[in-house]
Amino acid sequence: MVVVTTERVKPRRLPGVEGVWVFIGADSVIFAILFLTFMQDRLKDPALFEASRHTLNMNLGGIDTLILLTSSWSVALAIQALKRDLIDRVPRYLFGGVLTGLMFVVSKSIEYFHKFAHGLTPGTNPFYMWYFTLTGIHLAHVLLGTSLLTFLWIRSRRGAYSRSHREVPESVASFWHLVDLLWIVLFPLLYLMKAA
Amino acid sequence: MSVWRERVTWVWLGLVVLTCVTTWGLTKEMFRPAVAVVGIFLIAAVKVRYVMLDFMELRNAPIPVRAVFEAWPFVVAAVILGFWFATPAIA
Amino acid sequence: MAIHAEPGTAAPARELSPYPTDYTSWKVMAWMGPVFLVAFFCLWGLLARNISPFPAWAEPQAVWDHYKNLRLPIMIGMSVCLTLTACYMVWSVAVSRVMERIEGAGGLWSKMEMLGGTITCAPIMTACAIWLTAAHEIDNITPGMAHTLYWFGWLLIDLAYFVTSWQIAGASIVFMRDKREKKLVPNIVGWWGWITILSFFVVSAIPFVYTGPLAFNGVISFWIAFFTWFFWIPGLSYFIIKAIPRLQAEDAAAGRFNDS
Chain V
0 MVVVTTERVK PRRLPGVEGV WVFIGADSVI FAILFLTFMQ DRLKDPALFE
50 ASRHTLNMNL GGIDTLILLT SSWSVALAIQ ALKRDLIDRV PRYLFGGVLT
100 GLMFVVSKSI EYFHKFAHGL TPGTNPFYMW YFTLTGIHLA HVLLGTSLLT
150 FLWIRSRRGA YSRSHREVPE SVASFWHLVD LLWIVLFPLL YLMKAA
Chain E
0 MSVWRERVTW VWLGLVVLTC VTTWGLTKEM FRPAVAVVGI FLIAAVKVRY
50 VMLDFMELRN APIPVRAVFE AWPFVVAAVI LGFWFATPAI A
Chain C
0 MAIHAEPGTA APARELSPYP TDYTSWKVMA WMGPVFLVAF FCLWGLLARN
50 ISPFPAWAEP QAVWDHYKNL RLPIMIGMSV CLTLTACYMV WSVAVSRVME
100 RIEGAGGLWS KMEMLGGTIT CAPIMTACAI WLTAAHEIDN ITPGMAHTLY
150 WFGWLLIDLA YFVTSWQIAG ASIVFMRDKR EKKLVPNIVG WWGWITILSF
200 FVVSAIPFVY TGPLAFNGVI SFWIAFFTWF FWIPGLSYFI IKAIPRLQAE
250 DAAAGRFNDS
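In the order they appear, the protein sequences are chains V, E and C. Counted from 1, the first sequence has number 101 at position 102 by numbering that gives the first Met the number 0; the numbering is strictly sequential. Counted from 1, the second sequence has number 49 at position 50 by numbering that gives the first Met the number 0; the numbering is strictly sequential. Counted from 1, the third sequence has number 191 at position 192 by numbering that gives the first Met the number 0; the numbering is strictly sequential.
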């Protein structure tokens, strides 16, 4: 008896190169450790942390979240277009990612500048040490991600990527989504978490 | 490919709504701190989960990998909330 | 030029590519990686109480008291650790030789790895000597001097990270270039190497902060930066130790013999 299957089984896979998932995994664990340590330090002086939290601009932080979510969406659309070999649409979605990435950098820079202008630095108190360290390391990730997206955008305009050549864009996209999801936790942790 | 029919677009819209709820809704004075904080972090965990499943495409990833990553936002939220409840209230 | 004799002939061939290989010494050297790690962890980390380190914000008198109270364990820990740090140099030679089998004899990154691993020993040994001296001389020095020596050691051992970065980079680059179907060292070790390198950079903050995650005893500058490296050493060692018999078998299959 011959069994003919008409179902196309899509094998389970991780997008991009395996190494980027080692990065994503390690980064996630490292940030989880940092969140834990932040909460540990907060336990020692909740009043100080609460008072310092009030100096942060919640609206700006919320807008930053929307910016990064939109950026992730744009990059995700680029990958969807790549999967369907819609090569001409890929560059504009990647550019959307670049633009929103840059918007985040500008927003953060303004926020930092504002803090420095008010004499608030990492050395001011433990909360600010954490605020600058966590958002600073995250910002380094945003800068790296935006640079990589820019590189992708330039290459995509020359048709370097397609359905069968999408490992590099998928890897960068996965990293970019990590950057987005880290901020999704960072933002409430620093800006929204009110004390009991 | 119509952008508005893509799954990622609907996920994005949902995430935007949830962001507005947490940033400009749950932070209002009418919510007790415990309610606000638990709500905010549970929503954050759900947001992370959707970014992982639909943006990062972990929905189609090997099950063990997906399971570990899916656990992350909830473990992180649980630890954060655990510490929050263990932290004394301020005067 | 390689001369290959038929296996089993009366006079076995001496010529090898690239030069005669002492597989036994090679394996002994490869094991020096785990030896170093165990020594460093137990002597520097546990006995001399650096896991976790006495805080960066400690006042001079507190540092002096620390060295006075723990004088003997610190002296034993630091002196033996100083000596055994040489094992890291030995290990890096073994790693380099495996790299050369991928990169080619005298390869750039293979040399970089060996130099990086060897030079890494210098700040570690010198920092151990500084802390050993602080303990040894505690009754002759002031709290201010104790504090100075404490910081001297930490600044040295931490800020020289970039030497180790290049060692790790070399290993990551070459092992990922391996064209064997089953690589001698799997990519994940290479990727972990890059994570280790990235985790080192924030340590440059230590002169400027005394508390929080970036202080030399903080969660980022100590726990993350050191432990990424602590995982890289045994991770790579495992595959290096396994690679040597594989390379020996490859040599034998190609008719390359030596008389060791």
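For each residue, glycine too, the CB sits at the ideal point set by N, CA and C. All values derive from a computational prediction rather than experimental measurement.
By the DSSP assignment, the alpha helix (DSSP H) with residue i in it spans what residues?
i	result
V/ASP40	17-43
C/TRP150	142-158
E/GLY38	32-49
V/ARG157	Where V/ARG157 is concerned, there is no enclosing alpha helix (DSSP H), given that its DSSP letter is neither H nor E.
C/ILE129	107-135
V/GLY60	57-82
E/GLY81	62-85
C/ILE219	C/ILE219 -> no alpha helix (DSSP H), and no H or E assigned at all.
C/PRO72	70-83
C/GLU249	224-252
E/THR8	6-19
DSSP three-state label for residue i, please.
i	result
E/SER1	coil
C/SER51	coil
V/HIS164	strand
C/ASN186	helix
V/PHE112	helix
C/ARG13	Interpretation of C/ARG13 is limited by its pLDDT of 39, a score under 50 that renders its predicted location unreliable; the figure taken from the coordinates is listed afterwards. Three-state result, C/ARG13: coil.
C/LYS181	coil
C/TRP56	coil
E/GLU28	coil
C/ALA104	coil
V/GLY100	helix
V/GLY122	coil
V/PRO187	helix
V/PRO90	helix
V/ARG192	Per the sequence presented here, residue 192 of chain V reads as Met, with Arg not at that position. Residue state, collapsed to three classes: coil.
E/GLU56	coil
C/ALA214	coil
V/THR54	coil
V/LEU177	helix
C/ARG62	Inspection of the sequence shows that residue 62 of chain C is occupied by Val rather than by Arg. If DSSP states are grouped into helix, strand and coil, C/VAL62 belongs with the helices.
V/LEU13	coil
C/LEU208	Contrary to the premise, residue 208 of chain C reads as Val rather than Leu in this sequence. The answer is coil: DSSP assigns C/VAL208 none of H, G, I, E or B.
C/ILE196	helix
C/ARG255	coil
V/HIS117	coil
Sorted by chain position, which residues of the same chain lie with C-beta nearer than 7 Å to residue i's C-beta, five sequence neighbours on each side aside?
i	result
C/THR227	ILE194, THR195, SER198
V/GLU110	ASN56, LEU59
C/GLY143	PRO59
V/GLY100	SER70, VAL141, GLY144, THR145, LEU148
V/PRO90	TRP152, SER155, ARG156
V/VAL171	LEU147, LEU148, LEU151
C/ILE172	TRP108
V/ARG88	ALA80
Under 6 Å Cβ to Cβ from residue i, same chain only, skipping five residues before and after it: list those, please.
i	result
C/TYR160	PHE199, VAL202
V/LYS193	none
C/ILE129	LEU148, PHE151, GLY152
C/ALA242	VAL97, LEU183
C/CYS127	MET77, CYS80, LEU81
C/ILE118	VAL162
V/MET128	PRO121
C/THR210	TRP56
C/GLY32	TRP90, ILE232, SER236
E/PRO72	ALA44, VAL47, ARG48
Excluding the five sequence neighbours on either side, which residues of its own chain have a C-beta within less than 8 Å of the C-beta of residue i, listed in chain order?
i	result
C/GLN247	THR20, TYR22
C/PHE40	ILE50, PHE229
V/ILE23	SER173, PHE174, LEU177
V/TRP182	ASP63, THR64, LEU67, HIS137
V/LEU47	ASN124, PRO125, PHE126
For this session: Select from the region 31-42 of chain V all residues with a C-beta closer than 7 Å to any C-beta belonging to chain C, and list them in chain order.
Result: ILE32, LEU33, THR36
Exercise. Can you give, in chain order, each stretch of the alpha helix (DSSP H) that sits fully within the region 19-45 of chain C and has at least 4 residues?
Worked result: 22-38
Problem set entry | Interfacial residues, the region 183-198 of chain C to chain V, with Cβ spacing under 8 Å | ASN186, ILE187, GLY189, TRP190, TRP191, TRP193, ILE194, SER198
Problem set entry | Interfacial residues, the region 131-154 of chain V to chain C, with Cβ spacing under 8 Å | THR132, ILE136
Exercise. At a Cβ cut of 7 Å, what residues of the region 46-61 of chain V count as close to chain E, listed as they run along the chain?
Worked result: ALA46, GLU49, MET57, GLY61
Exercise. Listed from N- to C-terminal order along the chain, which residues in the region 62-79 of chain E have their beta-carbon within a distance smaller than 9 Å of any beta-carbon of chain V?
Worked result: ILE62, VAL64, ARG65, VAL67, PHE68, TRP71, PRO72, VAL74, VAL75, ALA76, VAL78, ILE79
Problem set entry | chain V contacts made by the region 137-163 of chain C, where a contact means CB separation under 7 Å | none
For this session: Check distances from the C-beta atoms of the region 169-186 of chain V to those of chain E and list, in chain order, the residues that come in under 7 Å.
Result: If the cut-off is 7 Å between Cβ atoms, the region 169-186 of chain V has SER173, HIS176, ASP179, LEU180, ILE183, VAL184 near chain E.
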